[in-house]
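Everything in the sequence shown is counted per our numbering, starting at -3 for the first residue and increasing by one.
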Amino acid sequence: MDMATNLHGKRARHVYSPDCMTRPLVKASSVRFTVVMPALILVAIAIALSAAPKSAALDFAKDVYPVFQRACFECHDSKLQKGKLRLDEREFAFKRADTIVKGSAEKSELYRRITLPKGHEDVMPNRGEPLSKAETERIKAWIDAGAVWPEGVKPGKHWAYVAPVRPAAPEVQSSRFKVQGSRFQPQNAIDAFIAAKLQREGLQPSPEATPETLVRRLYLDLIGLPPSPAEVDAFVNDKSPRAYEKLVDRLLASDQFGVRWARPWLDYARYADSHGFQRDDFRDLWPYRDWVVNALNADMPFTQFTIEQIAGDLLPNATESQKIATGFNRSAPTNVEAGSDPEETRVNQIHDRVNTLGMVWLGATLECAQCHDHKYDPFTMRDYYGLFAFFNHTALEADRTNPKVPGSIQFKGPAMELTDATTQAERAKLQ
């Protein structure tokens, strides 16, 4: 015998038959339990399903259109329409009734094509990587939901090329925020935007960082080095209301600030102390590195910082410092390996300069337009070689000293003689 509790909390006795020990014979009071239980399970499932959060609605501009851009525009945009199909604008995408059947992905020719096996003659895209499972599912969900294509979603509306507008800082109901028992008060506009987002999401701000954490963050962010124990103690024990601001000012005035923040810029400028490639000979480009460090420490205006690096040598009465700044253009690799062609190296350096210019100052992948009009950014192949022409007057930087000897390619320029205060003073005495 076994004892169990029925639905009403009473104890019921289970009696097992001698011929079937695996199936209990229950009393009538237990029958109510077995009958009611399935109904309760169904009710619980229904409640759970109704309470479950619905999947977020697809955002066509963020979830679907970028897939078209990546995988479809090469053959189906304003410049090329293979199979008379164009997918870059709404009015053309729905021109054929069977391409995208609103409400039914299974009846849509577009969905059929993107789900065909790789290698099939009708598969889309017909070359390159096929759509991922997630991308395919997003397109299916979008079509099944009615294939809503909002007005204004079309090429040329990339956020990077839309003039930014400064929004007003949102009002924050600080009474709703409690941090360590105190109301949260935004200190600036950034705090206000973050707090507004937290309120929308129903979240509370994190507690304020401790002084030990703040001083470590400041040192690592501004000079790239951790504070010493004495520096931590000095900040923690400084009870003045502007202790934080004073430390920020002191670190910004440190020479190490320029060293720390020159590092990422020099990476963008592809700075190196050697020429690159297999031989990788050393070169004296360190004056450009020092120029960047000094410019940051002097808080040089960004306009001047830009002009001097791109064309400092072309400025009227250019100073030695302004000429050194053009080391930005000189940072391209130089190939002096046996078998390399000096003219090919020169042309490759020009491509490198144009591509780096686009990446650093335009935030765009100009190199795509090296072989064809850019598929995503507003640059044509003609634009690319228009920029190329500005740099296409540079002399060879490597040449064969002895054409009969394969390994005789040597670096030969450009170079400039640098002066220093001590040398200049000695020369002045002699003149």
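Beta carbons are placed, not taken as given, at the ideal position from N, Cα and C, and that holds for glycine.
Checklist line | Counterpart residues of Q428 in DSSP-defined beta bridges | finding: Residue 428 lies beyond the range of the chain shown here (-3 to 427); nothing can be said about it.
Check: Which class does F69 belong to by DSSP, given the choice of helix, strand or coil?
Finding: It is coil, neither helix nor strand.
Margin query: Within the continuous beta strand (DSSP E) that includes F407, where are the two ends?
Written below: From DSSP, the beta strand (DSSP E) with F407 extends over 405 to 407.
Checklist line | Proximity to K150 [Cα-Cα], best of H271, D286, K58 | finding: Comparing C-alpha distances from K150 to each of H271, D286, K58 shows the shortest one belongs to K58.
Checklist line | Status (buried if at least 16 other CB within 10 Å, exposed otherwise) for W287 | finding: Burial call: buried.
Notebook entry, point to check: Is the number of C-beta pairs between the segment 288 to 307 and the segment 241 to 259 that are closer than 8 Å three or more?
Noted result: In short, these stretches touch, since the Cβ pair count reaches three.
Next item on the list: Below 6 Å CB to CB, which residues in the same chain sit around Q305 once its five sequence neighbours on both sides are set aside?
Entry: Closer than 6 Å at the Cβ level, and outside the excluded window around Q305, lie A321, F324.
Margin query: Excluding the 5 residues flanking K357 on each side, which residues of the same chain have their C-beta closer than 7 Å to its C-beta?
Written below: Note that residue 357 corresponds to Trp in the displayed sequence, not to Lys. Once the five neighbours on either side are set aside, the close Cβ partners of W357 are T302.
Notebook entry, point to check: Do three or more CB pairs link the segment 238 to 252 to the segment 199 to 217 at distances below 8 Å?
Noted result: Cβ pair count under 8 Å is three or more, so yes.
Checklist line | 4-residue-minimum alpha helix (DSSP H) runs that sit fully inside the segment 139 to 171, ordered along the chain | finding: Runs found: none.
Item checked: Range covered by the alpha helix (DSSP H) that runs through A258 -> Taken as a continuous stretch (DSSP letters only), the alpha helix (DSSP H) holding A258 covers 251 to 264.
Item checked: Within 8 Å, strictly: CB atoms of R82 and F90 -> In this structure, F90 does not lie closer than 8 Å to R82 by Cβ.
Check: Are at least three pairs of beta-carbons, each pair with one atom in the segment 324 to 343 and one in the segment 259 to 271, less than 8 Å apart?
Finding: The answer is yes - the segment 259 to 271 touches the segment 324 to 343, with three or more Cβ pairs under 8 Å.
Check: Among the residues of its own chain, which have a CB less than 8 Å from the CB of E413, if the five just before and after it don't count?
Finding: Correct list: empty, nothing qualifies.
Next item on the list: Out of P121, R108, P62, G99, point me to the one whose CA is closest to K78's CA.
Entry: Ranking the options by Cα distance to K78, first place goes to P121.
Note to self: Buried or exposed for S104, going by 16 or more other Cβ atoms inside 10 Å?
What the structure shows: Under this definition S104 is a buried residue.
Note to self: Quick check on DSSP: helix, strand or coil for L414?
What the structure shows: Looking at L414 - three-state DSSP - the assignment turns out to be coil, as it is neither helix nor strand.
Next item on the list: Look at the Cβ atom of Y381, then the Cβ atom of L362, and state whether they are nearer than 8 Å.
Entry: Contact flag unset, no.
Note to self: From the DSSP secondary-structure annotation, give me the bridge partner or partners of D395.
What the structure shows: Note: D395 sits in a beta bridge opposite Q406.
Next item on the list: Over the uninterrupted alpha helix (DSSP H) stretch that includes Q305, give me the two end residues.
Entry: Start and end: 298 to 307.
Check: How about the segment 105 to 115 and the segment 124 to 144: do they share at least three Cβ pairs that are nearer than 8 Å?
Finding: By the Cβ test, the segment 105 to 115 is in contact with the segment 124 to 144, since at least three Cβ pairs between them sit closer than 8 Å.
Check: Per DSSP, F386 is paired with what?
Finding: Residue pairing by DSSP leaves F386 without any beta bridge partner.
Next item on the list: Could you say which of R86, C71, D280, L248 lies nearest to Y61 if we only look at CA atoms?
Entry: Minimum Cα-Cα distance from Y61 among the listed residues R86, C71, D280, L248 corresponds to R86.
Item checked: Exposed unless 16 or more other CB atoms sit within 10 angstroms - verdict on Q181 -> It is exposed - the Cβ of Q181 has fewer than 16 other Cβ atoms within 10 Å.
Check: Going by C-alpha distance, which of L311, D251, R238, H271 is nearest L218?
Finding: For the options L311, D251, R238, H271, the alpha carbon positioned closest to that of L218 is the one of D251.
Item checked: Sequence-distant residues of the same chain with beta carbon closer than 6 Å to Q345, five excluded per side -> Only A328 meet the Cβ criterion.
Margin query: With a threshold of 8 Å on Cβ separation, who are the neighbours of I43 within its own chain once the five nearest residues in sequence on each side are excluded?
Written below: Because I43 carries a pLDDT of 45, less than 50, the predicted location of this residue cannot be relied on, and the following value inherits that uncertainty. The beta carbon of I43 sits closer than 8 Å to none of the beta carbons in its chain outside the five residues before and after it.
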